[in-house]
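Enquirer: Sending over a structure as structure tokens; questions will come in a sec.
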Amino acid sequence: MRFDSARADDDCRRLRGQPMSRRRFLLVAALCAATPVLSQTRTPDVIFVPTPQEVVEDMLRLADVKKGDVLYDLGSGDGRIPVTAAKKYGVRAVGIDIDPDRIAEARDNARKAGVSQQAEFRLGDIFTMDFREATVVTLYLLPELNVKLRPRLWAELKPGTRIVSHQFDMDDWRPDKKLESNGRTVYFWTIPDPKQRR
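For the sequence shown, my numbering begins at 48 and goes up steadily by one.
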């Protein structure tokens, strides 16, 4: 069943002023208060398809992840990239995903791997969440989403920040490196100095 914000707004307006029990009142009040928040959530732009672990390892190697890095995985799914980065390289890693089920799964995976302190998962939209502190950004989105995200990457990330994308490029932004991994392509870019951007 999908949440219908317009119908919820109508129901809240209709029920205001109606006599009701205390329990029903509290339930209606909670639903009315939640309506603006619930109506802002979006459905994912892509279906969840996990990156094979071998590709995860190659992505992190290509990005030259090292202690002191802050890795952000945009569209983090089950959290395997942040969990691997935290466990193998000891970095702080943040996964952002719009799907609450994936966030719960990722947090559980971090707990099982013993890296809950280093791997954090945030529910939110990658097009509005703040990821400026990243020194490494990993992606497995669709080509059009990579291109849509590119202006934010260029505007908000510091020069030298490393970006790695599984399978999809960024249109006319030529990668610094690319490699084949387990039948997949991995692309690597470095955020250039603003004067050098093409």
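The beta-carbon is built from N, C-alpha and C at its ideal position, and this holds for glycine as well. Here the structure is a predicted model, which is why all the values come from computation and not from measurement.
(1) Output yes or no for whether 8 Å exceeds the beta carbon distance between M217 and N193.
(2) Below 8 Å between beta carbons: does that hold for I150 and L204?
(3) Note down the Cα distance separating V84 from D148, rounded to an integer number of angstroms.
(4) According to DSSP, simplified to helix, strand and coil, what is L31?
(5) If A140 and A132 are in contact, beta carbons under 8 Å, what's the gap, nearest whole angstrom?
(6) Looking only at its own chain, which residues have a Cβ that is under 8 Å from the Cβ of P198, when we skip the five neighbours before and after it?
(7) Does any residue of chain B have a CB that is nearer than 8 Å to the CB of E180?
(8) Does DSSP put A247 in a helix, in a strand, or in coil?
(9) Is I94 helix, strand or coil by DSSP?
(10) Pick from L188, I143, V103 and E101: whose alpha carbon is nearest that of A166?
Expert: So, from the data block:
(1) yes
(2) no
(3) Confidence at V84 is low in this model, with a pLDDT of 44, below 50, so its placement is unreliable and the value that follows should be read with caution. Between the alpha carbons of V84 and D148 lies a distance of about 17 Å.
(4) The question about residue 31 has no answer here: the residues shown for the chain are numbered 48 through 245.
(5) 5 Å
(6) none
(7) No chain B appears in this structure, which consists of one protein chain only.
(8) Outside the shown range of the chain (48 to 245) lies residue 247, about which nothing can therefore be said.
(9) I94: coil per DSSP, three-state reduction.
(10) I143
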